[in-house]
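Since the structure comes first, as structure tokens, the remarks are kept for the end.
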Amino acid sequence: MKYTEFEIISKYFKRNQKKDVNEIKGIGDDSALIKIPKNNILAISTDTLVEGTHFLKNISPEDLGYKTVAVNLSDLAAMGAEPKWTTLSITMPESNNIWLKKFSSSFFKILNKYNVRLIGGDTNRGSLSITLSMYGLLKKQIALLRSNASIGDLIYVTGTLGESAAGLFLLKKNIFIKNVNIRNYLIKKHLNPIPRVSEGMALRKIANAAIDLSDGLIADLDHILNDSQCGANINLNKIPISKVLIDNFQSQNYLNWALNVGEDYELCFTISKKNIDKLKIIKKKFLVNFTCIGYITPIEQGFNLFDNQKKIIFKKKGFNHFD
Numbered sequence: 023m024k025y026t027e028f029e030i031i032s033k034y035f036k037r038n039q040k041k042d043v044n045e046i047k048g049i050g051d052d053s054a055l056i057k058i059p060k061n062n063i064l065a066i067s068t069d070t071l072v073e074g075t076h077f078l079k080n081i082s083p084e085d086l087g088y089k090t091v092a093v094n095l096s097d098l099a100a101m102g103a104e105p106k107w108t109t110l111s112i113t114m115p116e117s118n119n120i121w122l123k124k125f126s127s128s129f130f131k132i133l134n135k136y137n138v139r140l141i142g143g144d145t146n147r148g149s150l151s152i153t154l155s156m157y158g159l160l161k162k163q164i165a166l167l168r169s170n171a172s173i174g175d176l177i178y179v180t181g182t183l184g185e186s187a188a189g190l191f192l193l194k195k196n197i198f199i200k201n202v203n204i205r206n207y208l209i210k211k212h213l214n215p216i217p218r219v220s221e222g223m224a225l226r227k228i229a230n231a232a233i234d235l236s237d238g239l240i241a242d243l244d245h246i247l248n249d250s251q252c253g254a255n256i257n258l259n260k261i262p263i264s265k266v267l268i269d270n271f272q273s274q275n276y277l278n279w280a281l282n283v284g285e286d287y288e289l290c291f292t293i294s295k296k297n298i299d300k301l302k303i304i305k306k307k308f309l310v311n312f313t314c315i316g317y318i319t320p321i322e323q324g325f326n327l328f329d330n331q332k333k334i335i336f337k338k339k340g341f342n343h344f345d
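Counted the way our numbering counts, the sequence shown spans residues 23 to 345.
The structure is reproduced here in structure tokens:
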């Protein structure tokens, strides 16, 4: 049975989620109406995921539903915002009921985990692509901006880097590994990244600048450096690489994945040395590691990579939508 646009919305995307006191009107009218609490500002993130560019054609609807939300939550996490609402626009070749049921179930499962309400959107026919806008709240003057890094700041990243890229290369069959458990673990790291929402909210009062790692450490950190008009020295031997990657792949592979491929959706942030004790307190609240990989320098010193104090020549790469 084929459903119309409004039947699709009603059947799969109009759900009884937990009501938010600031929501005046959600799905069901021409626009959603939201009240912004006093002394708050609205953080807005929008991402479009296109089949063949941002996800493989054979991705399951469950994994696509999860990742659609996770990557947008990651953007809000990088600002230190508390996610609250979202809108979804989905273009698909046909109204496949089985696909829609699986996609929407996974989609709402992660939304509900982070207490985010779907308040509107659109459906269209065409090549599969998904656009999600995520809205979060922040107290004034505490947003984590890319432009706030200062000379002398220490540079940190959360978690470990490179595993998502390894999972992608396994899915594309560009590499092979015999151990099924390790293979499945790495693929899951690619398909089901964990947005560092709580970590971002905890950092917003003590960190200076932040970004989520979607395009690779070099490209994403370079955004901070450009916006803050600073340089940086990064120690390759300090970049957090999991034992799984170290034990199963060559260093040239996993370092390239961490530096240039991306989709880890970890946070990279800078913090003044005076706030290190506060950071130690925050670290105790989370299971994820916070690793110092370098420090911010004057802009004239540039962006440098070192391996055991030896300077490495490198090219700024990272993911580019138009390559």
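From the three backbone atoms N, C-alpha and C, an ideal C-beta is built for every residue, glycine too. These numbers were taken from a predicted model, which means no experiment stands behind them.
CB-CB length for residue i against residue j, believed under 8 Å
i: residue 319; j: residue 241; result: The Cβ separation is near 19 Å, so there is no contact.
i: residue 48; j: residue 104; result: With a Cβ gap of about 18 Å, residue 48 and residue 104 do not count as contacting.
i: residue 288; j: residue 181; result: 4 Å
i: residue 310; j: residue 185; result: About 13 Å separates the two Cβ atoms, so there is no contact after all.
i: residue 140; j: residue 108; result: 6 Å
i: residue 173; j: residue 252; result: 6 Å
i: residue 1; j: residue 280; result: The requested residue 1 is not part of the displayed model; the chain covers only 23 to 345.
i: residue 230; j: residue 299; result: Actually they are not in contact, since the Cβ atoms of residue 230 and residue 299 sit about 16 Å apart, beyond 8 Å.
i: residue 106; j: residue 42; result: 6 Å
i: residue 224; j: residue 307; result: 7 Å
i: residue 246; j: residue 292; result: 7 Å
i: residue 290; j: residue 179; result: 5 Å
i: residue 199; j: residue 190; result: About 13 Å; that fails the 8 Å criterion.
i: residue 46; j: residue 57; result: 6 Å
i: residue 261; j: residue 183; result: 6 Å
Residues that residue i bridges to, as DSSP identifies them
i: residue 114; result: 147
i: residue 105; result: 158
i: residue 67; result: 156
i: residue 142; result: 109
i: residue 293; result: 176, 229
i: residue 78; result: BP columns for residue 78 are empty, so no partner.
i: residue 258; result: In DSSP, residue 258 forms no bridge with anything.
i: residue 94; result: In the DSSP output, where bridge partners are listed per residue, residue 94 has none listed.
i: residue 86; result: Looking at the DSSP assignment, residue 86 forms no beta bridge with any residue, so it has no partner.
i: residue 56; result: 45
i: residue 62; result: 161
Enclosing alpha helix (DSSP H) for residue i [first to last residue]
i: residue 320; result: Run containing residue 320: none in the alpha helix (DSSP H); it sits in the beta strand (DSSP E), 312–320.
i: residue 130; result: 119–135
i: residue 299; result: 298–305
i: residue 267; result: 265–270
i: residue 278; result: 273–278
Residue span of the beta strand (DSSP E) that contains residue i, given as start and end
i: residue 327; result: 325–329
i: residue 46; result: 45–47
i: residue 333; result: 332–334
heavy atom of the ligand COA below 6 Å from residue i C-beta
i: residue 134; result: With respect to the ligand COA, the structure shown offers nothing to examine, as it has no ligands at all.
Q. Within the chosen definition, does the region 110–128 reach the region 139–155 through at least 3 CB pairs nearer than 8 Å?
A. yes
Q: Please list the segments of the beta strand (DSSP E) lying wholly inside the region 145–173, counting only runs of 3 or more residues, in order along the chain.
A: 151–161
Q) With contact counted as at least three CB pairs below 8 Å, one residue from each stretch, are the region 314–331 and the region 162–169 in contact? A) no
(Q) List, from N- to C-terminal side, the beta strand (DSSP E) runs of 3 residues or more that fit wholly inside the region 185–253. (A) 229–234
**Q.** Cβ contact (3+ pairs, closer than 8 Å) linking the region 81–100 and the region 207–221
**A.** yes
Q) Contact between the region 58–75 and the region 124–131: three or more CB pairs below 8 Å? A) no
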